[in-house]
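A.B. asks: Mapping to my numbering: the sequence shown position 35 is 35, numbers consecutive.
Handing you a structure now.
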Amino acid sequence: MAPSTTVTRNLEMMTNDTGNIYETVIIVSRRANQISVEMKQELNKKLEEFASYTDNLEEVFENREQIEISKFYERLPKPTLIALQELEEGKIFYRNPDNPAGKSKV
């Protein structure tokens, strides 16, 4: 599980596979964007279950459930921290067109 706060990272470890901190940052940022989109879609899907197009007293109860779901997602680690954890664990795969092999694993 990724930490929920920012921690100091080992620069050498981050650049072992790419040899370039800027390339590593781009790879991590693109993965973080993917994670962010996935999390947003998942949250929206769960919140759609509570969608109500009529005004009634039950809406107050439903809003509490929506708030609890939203708070759960707010407490999750940020996408950037998840992507950095994946980088450390070697779970990020990327393709570099300048690399003759075509695929690289970070």
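Here a beta-carbon is modelled for each residue, glycine too, at the ideal position from N, C-alpha and C.
Grouping DSSP H, G and I as helix and E and B as strand, with all else coil, what is F93?
C.D. replies: Strand at F93.
A.B. asks: Using only CA atoms, which one of E42, K46, R75 lies nearest to N63?
C.D. replies: When only C-alpha atoms are compared, the closest one is K46.
A.B. asks: Using alpha carbons as the reference points, say which of L81, G90, I92 lies closest to T5.
C.D. replies: It is L81 whose Cα lies nearest to the Cα of T5.
A.B. asks: In terms of residue numbering, what span does the alpha helix (DSSP H) encompassing K40 cover?
C.D. replies: K40 -> alpha helix (DSSP H) spans 21-48.
A.B. asks: Hey, P77 and S36 are a contact pair by Cβ (cut 8 Å); roughly how many whole angstroms apart?
C.D. replies: So it is not a contact: roughly 12 Å between Cβ atoms.
A.B. asks: Going by C-alpha distance, which of I27, V7, I21, E65 is nearest N96?
C.D. replies: The residue with the shortest Cα to Cα distance from N96 is I27.
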